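Going by the working numbering, the sequence shown opens with residue 1450, and the numbers climb by one from there. Glycine included, C-beta positions come from ideal geometry on N, C-alpha and C. All values derive from a computational prediction rather than experimental measurement.
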Amino acid sequence: MKKVEFEKLKRPETIKLPSMLDFYPLEDEKNTRISPFFSNLKERRLTTTRCEECGKVLWPPRIVCSSCFSDDLEWIDLGTEGELYAFTEMRLGAPLGFVDDVPFCIGIVKIGGLSISARIDNAKYEDLKIGQKVQLKVVELDDGRVFYRFDAAKETP
Ligand SMILES: [Zn+2]
């Protein structure tokens, strides 16, 4: 498995958790039935659920299939390398907690047969290209919760 970059993020001190403005979900087994998504992410694995009845891959991960309503789901790995399908740059109006990061890039990444939206780190908007490879990047809040972004990889000629 490829090594995935890990970055520690600092939550603004003005935000008390959990609160309505905290857009990172509670991730533990007690609070969500998709807690494996977060525990897998802590192991640098981007995963989701696939229906064992009809085979549909569900994103975001779910506890019931949105197609056939079966709750017979399995966890699958999506891989760690995606392809940039579309992107833009956030220049203003960023959500709380991201205001200091402006400008930053966000995009739609094709990975594991899915198209998912995420922040794209370590690239300027003008340097990004549709179709370029991006790598999974796991970021951790200072309370231990994790989320994912993608890191723009250097293109090989
Ligand atoms: Zn199904």
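Inspect the beta-carbon positions of residue i and residue j and report whether they are closer than 8 angstroms.
| i | j | result |
| --- | --- | --- |
| residue 1571 | residue 1601 | yes |
| residue 1569 | residue 1596 | no |
| residue 1491 | residue 1532 | no |
Any idea what DSSP makes of residue i, helix, strand or coil?
| i | result |
| --- | --- |
| residue 1530 | strand |
| residue 1606 | Note that residue 1606 scores a pLDDT of 45, beneath 50, so its modelled location is shaky; the value from the coordinates is reported in the next line. In this structure, residue 1606 counts as coil in the three-state DSSP scheme. |
| residue 1566 | strand |
| residue 1577 | coil |
| residue 1497 | strand |
| residue 1548 | helix |
Thinking just about the alpha-carbon of each residue, which of the options is nearest to the one in residue i?
| i | options | result |
| --- | --- | --- |
| residue 1550 | 1558, 1596, 1538 | 1538 |
| residue 1530 | 1496, 1473, 1477 | 1496 |
| residue 1564 | 1592, 1528, 1545, 1594 | 1528 |
At a cut-off of 7 angstroms, would you count residue i as near ligand 1, judging by its Cβ distance to the nearest heavy atom?
| i | result |
| --- | --- |
| residue 1502 | yes |
| residue 1514 | yes |
| residue 1573 | no |
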